[in-house]
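Each residue of the sequence shown is one higher than the one before, counting from 1 in UniProt numbering.
Reviewing the structure listed below.
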Amino acid sequence: MVDINQIPTRRPFHRRRKTCPFSGANAPKIDYKDVRLLQRYISERGKIVPSRITAVSQKKQRELAKAIKRARFLGLLPYVVR
């Protein structure tokens, strides 16, 4: 009979959290006119990508969403991509 304590256990996988791309020394500023920057945070269907995927902090995610919505309202970004 095999004792449970004799079986080697694996260490649990721990993925290191990425840092926010908008915090730091030379981080880009979130601006609704910077369409190229905003397009990196929009999916191919036109939806805003969640912060758990992009690793953007909560505060910066709110600013990013507001900037994307402003750019959409002004016609700089599309609401939906077909």
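Glycine included, each C-beta is placed from N, C-alpha and C at the ideal position.
These numbers were taken from a predicted model, which means no experiment stands behind them.
Going along the chain, which residues of its own chain have a beta-carbon closer than 6 Å to the beta-carbon of Tyr32, five neighbours each way excluded? Looking up residue 32 in the sequence shown gives position 32. Result list for Tyr32: Ala67, Arg70, Ala71, in chain order.
Rounded Cβ spacing between Ala65 and Thr19 (contact assumed at less than 8 Å): Here residue 65 is taken as the residue at index 65 of the sequence shown, counted from 1. Here residue 19 is taken as the residue at index 19 of the sequence shown, counted from 1. Not a contact, Cβ separation roughly 20 Å.
Is Ile42 close to chain B? Criterion is C-beta to C-beta, closer than 8 Å. The chain labelled as chain B is not found in the depicted structure, where only one protein chain is given.
Which runs of the alpha helix (DSSP H) fall wholly inside the segment 1 to 63 and span at least 4 residues, in chain order? 35 to 39, 51 to 54
Relative to the alpha-carbon of Leu38, which residue among Arg52, Phe22, Pro8 has its alpha-carbon at the smallest distance? Looking up residue 38 in the sequence shown gives position 38. Nearest option by C-alpha distance: Phe22.
Closest by CA to Tyr79, which one among Gln61, Ser51, Arg36, Lys47? Here the question's residue 79 lines up with position 79 in the sequence shown. Tyr79 has its Cα closest to that of Lys47, out of Gln61, Ser51, Arg36, Lys47.
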